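Numbered per the working numbering, the sequence shown finishes at 564, counting up by one with no gaps.
C-beta: ideal position from N, C-alpha, C; glycine also.
Given the structure is predicted, the values throughout are model-derived calculations rather than measurements.
Some notes on the structure that comes next.
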Amino acid sequence: MLTLLLVPCVQPAAPAHAQPTGAAAGPDHIVVEPFRGIAAAATRNHLLVGLGEHPLFSLLDADAARARARELFRSTNLSNEQYVQLARDLDIRAFISGRIARRSGRYVLTVEVRSGATGEVVGEATWRVARPSGLSVLETEAYAQLGEPLDLTASPARAGPRDEELPPDVPVVPEPVEVPPPLDPDVIASPDDRRRSYEMRRMDAFRMEVLVSTLRRNLDATAEVDPALRGGNAGDAPILEPRGFSSRGLGGLELGLRFELYPGALLPDQDRLGFFGFYFSYRSSVGLSTTFDACPFGSEARCTDEDGVVTLSSRTSDLDMGIRLRHRFGRWRHSPTLMADIGYGIFSFAFDTDGLQRVRADQILPPMRYRQLHLGTGLEVGIVPVYLSFVGRFHYRLGTQIGKDALAIWGQETYNIRGVRISGELRTEMPYVAPGMYVGLGAEFFRFQTVFRGQTACAAPDASGGCAPDALWEPWPTLPDGSSGARRVSGGLRDAVQDSYFRITLTLGYAFR
52 MLTLLLVPCV QPAAPAHAQP TGAAAGPDHI VVEPFRGIAA AATRNHLLVG LGEHPLFSLL
112 DADAARARAR ELFRSTNLSN EQYVQLARDL DIRAFISGRI ARRSGRYVLT VEVRSGATGE
172 VVGEATWRVA RPSGLSVLET EAYAQLGEPL DLTASPARAG PRDEELPPDV PVVPEPVEVP
232 PPLDPDVIAS PDDRRRSYEM RRMDAFRMEV LVSTLRRNLD ATAEVDPALR GGNAGDAPIL
292 EPRGFSSRGL GGLELGLRFE LYPGALLPDQ DRLGFFGFYF SYRSSVGLST TFDACPFGSE
352 ARCTDEDGVV TLSSRTSDLD MGIRLRHRFG RWRHSPTLMA DIGYGIFSFA FDTDGLQRVR
412 ADQILPPMRY RQLHLGTGLE VGIVPVYLSF VGRFHYRLGT QIGKDALAIW GQETYNIRGV
472 RISGELRTEM PYVAPGMYVG LGAEFFRFQT VFRGQTACAA PDASGGCAPD ALWEPWPTLP
532 DGSSGARRVS GGLRDAVQDS YFRITLTLGY AFR
């Protein structure tokens, strides 16, 4: 049902009650209801000008009609039958309503005419213009376009036809009532529905989020080590040692912030430049530590005996920034939106390398500092308008660096750093708290794969910057390289190292539209 909000009159106010049957015929009373959509008020004013000077019509006084509707029904949201009762009481011939929407780059105005005699919509007229200001043609075209449906209307307060030239037995044949789209919030929402308190069509221009998450790590690596460093004999077959790591439970706690900005979406016409934006996110661990088996007190570096544990203060940080393009398939905010990203990121899992000198040799893991470029895509779609939506993303990451500590500890000729990130999040808006507020729960998986090659570097350089053979991080086994006599690394991490992470995130956000 359409909400009845009546407008100031051009002619004197109508009587407070219906004219009796057979009353003297005067100009027919017409009510122009508020329009909906883009530039609604200005467009309605053009229609008022187009009908206001017509000798056959009188625009009914708004205050008297609205007050009478409340007296009769205690509401202004009327059914067809209530429209008829109000029309009989105030001698109203027709009710006119309109809505403006943007379709295929043009502004479309649809004006409906409702008969006071039946309470039903009997016809409509449509205007299509390039910009809202073009709807000023209503001032000259209103009656010409609406004349035919207005001829099908009548006031229930008048016994006979309004014009003697009209045959008295011509039946009124109402046209089918247009059924509004089921997801049109302007139709399904009552005047008190909170969804009407802010615009359902506008895309987000600025988004700010507070992130609370847990991060679990799983590192899978296998090293080929020199048997002479594990109590065996030089020249024996290399020993295979797992160098894996797995976080306990859900992992460590992280706090972070995330921003998105689409400058063009701040403009009234978002469709032109609202697709281009920027994003930035940062997270950091809170109270994270990593535990290793410790060497006996006073033992040499790279020991293999276990004597208690050593706990190293650790820190993870995750920085992502870049450019985001988006395209929405539909006119509503919950319509599917496709996104494309290009950006740069830094992810690190770091701890004190000096403390690694006290860790058993077969448990030493290097700090990782991944620097990468990434390309990605994403999809955001509303499942239930306003109250439930889904956001999914996929990124491919091309690594550029992994950090000097990782190179020194596991191989200085490291290459082929790459990875992926997959994430999904469910969000629900909270208009009952504030328009634009929302909360989300998401899961994310990302992995880095790195090929480590080459010999290790010096763990403790001397004053001149040199490094004795026994001062290296654990050296990998070597073999002679042909006739040159030079030795090449034959051990180390022969397979690509898989460094995987799983994150669960609680998001509290605000979107400005």
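DSSP three-state assignment for R165, whether helix, strand or coil: strand
As a quick exercise: from E357, L262, R165, Q408, pick the residue whose alpha carbon is nearest that of L559. L262
Whole-number beta carbon distance between T342 and R303, since they are thought to touch under 8 angstroms: Here the sequence assigns Gly to residue 303, which means Arg is not the residue at that position. That pair is no contact at about 12 angstroms.
Would you call the stretch 186 to 204 and the stretch 124 to 132 in contact, with 3 or more CB pairs under 8 angstroms? no
Can you have a look at S31 and say buried or exposed, based on whether 16 or more other CB atoms are within 10 angstroms of its CB? There is simply no residue 31 to check, as the chain begins at 52 and stops at 564 in what is shown.
Do the stretch 476 to 496 and the stretch 525 to 545 meet, that is, are 3 or more Cβ pairs less than 8 angstroms apart? no
P236 to A494 span [Cα, whole Å]: Any answer about P236 is weak, because its pLDDT of 44 lies below 50 and its placement is not dependable; what the coordinates show is given next. Each residue's Cα considered, the two are about 31 angstroms apart.
Taking 9 angstroms as the threshold (C-beta atoms), are Q423 and I393 in contact? no
Buried or exposed: which applies to T465, given that a residue is buried once 16 or more other Cβ atoms fall within 10 Å of its Cβ? buried
Write down the C-beta distance between T404 and P418 rounded to the nearest angstrom, noting that I regard them as a contact closer than 8 angstroms. 6 angstroms
Host beta strand (DSSP E) of A571 (start-end): Nothing about residue 571 can be reported from this structure: the residues present for the chain run from 52 to 564 only.
Mark T177 as exposed unless 16 or more other C-beta atoms lie within 10 angstroms of its C-beta, in which case mark it buried. exposed
Out of L111, F257, R294, V162, which has the shortest C-alpha to C-alpha gap to W461? R294
Take Y249 and list the residues in its own chain whose beta-carbon comes closer than 8 angstroms to its own, dropping the five residues that flank it on each side. With a pLDDT of 43 at Y249, under the threshold of 50, the modelled position of that residue is not reliable, and the figure given next carries that caveat. The residues are P482, P486, G487, R564.
Quick one: measure Cβ to Cβ for L416 and L270, integer angstroms, because I've assumed they're closer than 8 angstroms. 7 angstroms
With a cut-off of 8 angstroms on the beta carbons, I'd call G174 and R144 a contact; round off their distance for me. No, G174 and R144 are not in contact; Cβ-Cβ is about 14 angstroms, not under 8 angstroms.
Roughly how many angstroms separate the alpha carbons of A508 and Q463, rounded to a whole number? 7 angstroms
Report the three-state DSSP secondary structure of I374 (helix, strand or coil). strand
With DSSP as the reference, label Y421 as helix, strand or coil. strand
Let me check one thing: in DSSP terms, what residues is E260 bridge-paired to? R309, G560
Every unbroken beta strand (DSSP E) inside the stretch 444 to 515 [3 residues or more]: 466 to 480, 488 to 502
What's the gap between the Cα of V188 and the Cα of P319? 22 angstroms
Spatial distance of A92 from E84 (CA atoms): 11 angstroms
Report yes or no: do the stretch 270 to 284 and the stretch 306 to 316 share at least 3 C-beta pairs separated by less than 8 angstroms? no
Spell out the partners DSSP gives L291 in its beta bridges. E275
If you count every other CB in all the chains shown that lies within 10 Å of the CB of D287, and 16 or more means buried, which is it? exposed
In three-state terms, what does DSSP make of R334? strand
Alpha carbon of V502 to alpha carbon of A272, nearest angstrom: 10 angstroms
Going straight from the alpha carbon of F400 to that of G359, what length do you get? 24 angstroms
Note down, in chain order, each residue of its chain lying with its Cβ closer than 7 angstroms to the Cβ of F296, except the 5 sequence neighbours on either side. R268, L270, L416
Three-state secondary structure assigned by DSSP to A208: coil
Can you find the residues in the same chain that come closer than 6 angstroms, C-beta to C-beta, to L324, ignoring five residues on each side of it along the sequence? G315
Which listed residue (E292, R539, Y330) has its alpha carbon closest to that of F257: Y330
Considering only their Cβ atoms, is the gap separating E357 from D369 smaller than 9 angstroms? no
Please confirm whether F496 and I468 have their CB atoms less than 9 angstroms apart. no
For L426 versus H446, is the C-beta spacing smaller than 9 angstroms? yes
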